[in-house]
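Undergrad:
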Amino acid sequence: MSHKEVNNVTIKLIPKILEFDEMESKMILHSWMTLIWTDSHLTWTPSEFDGINYIHVKSDTIWVPDLSVYNSGDMAADQNGIPLTTCLVFSSGSVSCVPSLKHITKCATDYSKWPYDTHLCRINFGSWSHSGEEVDFHLDQKGFQIAGYTNNTAWDFKVMNAYKVLKKYKCCPNDTYPMIVYEFSITRHHGIMHTTYVTPAIALMLLTLTVLWLDSKSTERMAVASVNLICHMLCIFDLHWQLPHNGTNPPNILLYYRDSLALAVFALILTALLRKVQNMNIEAPYWISSATTFVLNNRAGRFLILTDEDTNRILNNEADDNADLPKTEAKPKESSWRHFAAIIEWLSFFAVVLTYIVILFTLVPST
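Heads up: the sequence shown begins at 61 in my numbering, then just goes up one per residue.
1. What does the Cβ neighbour count give for THR268, buried or exposed, with the cut at 16 atoms within 10 Å?
2. Are at least three pairs of beta-carbons, each pair with one atom in the stretch 399 to 417 and one in the stretch 268 to 277, less than 8 Å apart?
3. For the stretch 286 to 296 against the stretch 234 to 245, are there 3 or more C-beta pairs whose distance is under 8 Å?
4. Whose C-beta lies closer than 7 Å to the C-beta of LEU102 among residues of the same chain, with five residues either side of it excluded?
5. Quick one: complete beta strand (DSSP E) runs, 3+ long, within the stretch 161 to 219?
6. So, helix, strand or coil for PRO304, using DSSP?
7. Could you check whether the Cβ of THR105 sits closer than 8 Å to any heavy atom belonging to the ligand ADP?
8. Go through its chain and collect everything with a Cβ distance to THR331's Cβ below 6 Å, but skip five positions before and after it.
9. Rounded to the nearest angstrom, how far is the Cβ of VAL195 from that of PRO125, given a contact under 8 Å?
10. Unbroken alpha helix (DSSP H) runs of length 4 or more, entirely within the stretch 225 to 267: which are they?
11. Go to LEU78, then tell me how far its alpha helix (DSSP H) extends in each direction, as first and last residue.
12. What's the call for ASN67, buried or exposed, on a 16-neighbour Cβ count within 10 Å?
13. What are the boundary residues of the alpha helix (DSSP H) that VAL337 is part of?
14. Beta-carbon separation of LEU272 and GLU79 under 9 Å?
15. Near ALA261, which residues of its chain fall below 8 Å by C-beta distance, leaving aside the five closest residues on each side in sequence?
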């Protein structure tokens, strides 16, 4: 190596195995890297050495570039220089080394779309002790080769980009410091998570709507509402242990379960209140009677509110009128409260449907 002229080093990254620690937001990339440069001190005339054009030497016996990771995710790990390997030296002075490397770097994680999350990682390579006027790094064509990568069952790994950056610092205005930047994307394979957490979320939504569809007087509604609440809480507890806790934004699926839990609590409390209302014997206030009468005067209101018992009573009264017989006495107090409870049931059902639509449009990620 000569300090009187620039030593150009061409590099190419060949990823092999990926490990991603989502709890620590760390990417561990096992790869090969080809480094090619020319050392004028390692030249010879092949004819003087039985026509030998190249030899294999250990990397610790020759000069090698001090390739370092600037954004190391593990400060305790030594990621400066290349590990011991065997290099190929040609008679022209060209040196080719392909060391096996392990790079650890922190990633910009975003779990808001979990389990459809994608994370961006970056590795910055450069010389630790030389400026660009001494050792300059270049990319070999596109700078990476992904053909030999071993697929990860949990994560989809892609090299997004590779480029060179020249930096200058105030301490050394006449020197440049080249840096090779590799950008990666890590996308979760969401098949298992989709089945485990997304499908139950849809099922619980339908279960909550079923609670509001059932008659509040029925014992089945109270039982289903209780089971629905317990299922929501169990899913949230399980999701709490599954999700990483190092993101700044909470995952949308957790927010969905939170909002759905609130609606499940609402459905349970509403069921208990409506059961109480329908058993009241006091006279209904004027505004309740007026509202009930207004709704029953509409065909849609009668279709939704009147039960088979109410319909039969109306038909019997009409028959009594035609026969000039006394009308069957109804119970206006109970009817008003029962009709009022039915109105609240349907209003609550449509309100919860609308709420779920808003939640889905807001929180469901586009994939």
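Don't be surprised by glycine CBs; every beta carbon is placed ideally from N, CA and C. Since this is a predicted model, take the numbers as computed values, not measurements.
TA: Answer, in terms of the structure:
1. The residue in question, THR268, is buried, as its Cβ has 16 or more Cβ neighbours within 10 Å.
2. Yes, the stretch 399 to 417 touches the stretch 268 to 277.
3. Contact between the stretch 286 to 296 and the stretch 234 to 245 is absent, because fewer than three Cβ pairs lie under 8 Å.
4. In chain order, ILE122, VAL149, GLY153 and VAL155 place their CB closer than 7 Å to the CB of LEU102, counting only its own chain and leaving out the 5 sequence neighbours on each side.
5. Those beta strand (DSSP E) runs which fall completely within the stretch 161 to 219 and span 3+ residues are 178 to 187 and 195 to 204.
6. Three-state DSSP puts PRO304 in coil, outside helix and strand.
7. This structure lacks the ligand ADP; in fact it carries no ligand of any kind.
8. Around THR331: SER276, ARG281, MET282 and ALA285.
9. About 6 Å separates the beta carbons of VAL195 and PRO125, which is inside the 8 Å limit, making them a contact pair.
10. Entirely contained in the stretch 225 to 267, not one alpha helix (DSSP H) run reaches 4 residues.
11. Boundaries around LEU78 are those of the beta strand (DSSP E), 67 to 81, since no alpha helix (DSSP H) includes it.
12. Its Cβ being crowded by 16 or more others within 10 Å, ASN67 is buried.
13. Its alpha helix (DSSP H) spans residues 312 to 338.
14. Against a cut-off of 9 Å, the Cβ pair of GLU79 and LEU272 comes out as no contact.
15. Around ALA261: CYS295, ILE313, TYR316, TYR317 and SER320.
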